[in-house]
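Participant: Quick one: structure below, then a few questions.
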Amino acid sequence: MKTKIDFNKRIIIKNEEDTRCIGHALAESAEAGDVIALVGELGTGKTTLAKYIAEGLGVGEEITSPTFTVVQEYHSGRLPLYHFDIYRVNDADELFEIGSEEYIYGGGVSVVEWADLCWEIIPEGAIIVRIAYGARECERVYEILRKEEE
């Protein structure tokens, strides 16, 4: 049974299990060609959410942040996963040079950390997950929406 994603609502994440549930829900609803854009300050848990999306897709490998490689590919899940971290990318041209369009418009799911640093590569209809610090140290606030609703 697929978990329904509530768009345009703020969700309080109280612990890592809540993060796992959201990651799995995003993975369950993912289809080939989907882009999930993760936005948030340093340390808010973008990579942790990406790991749980991968887990939900059935990726068996260890997921690490591709900060220095920009993109990491995983093919062991129900769909290929292309995990981007564009924190160190200077501009969209740099992403186009590594073939980002082939990933983003390909047959897998692209998860893009720091997507707000290069919005022009994020297509219409992409799922955007905004992550902010919550009231307590362990809490996060998620807002999930579609790009065209921004």
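With the first letter of the sequence shown counted as 1, position 43 gets the number 126 in the numbering used here; the numbers rise by one all the way through. The beta-carbon is built from N, C-alpha and C at its ideal position, and this holds for glycine as well.
1) List the endpoints of the continuous beta strand (DSSP E) containing A215.
2) Below 7 Å, is the gap between the Cβ of L121 and the nearest heavy atom of the ligand ZN?
3) Have a look at H166 and I214 and give me their C-alpha separation to the nearest angstrom.
4) What's the gap between the Cα of S193 and the Cα of E180?
5) Output the boundary residues of the beta strand (DSSP E) element that contains F179.
6) Which of the three DSSP states is assigned to L162 in this structure?
7) Can you grab the Cα-Cα spacing for the pair D174 / C201, in whole Å?
Facilitator: To lay it out plainly:
1) 210-216
2) The ligand ZN is absent from the structure shown, which contains no ligand whatsoever.
3) 17 Å
4) 17 Å
5) First-last for F179: 175-180, but that is the alpha helix (DSSP H), not the beta strand (DSSP E).
6) coil
7) 7 Å
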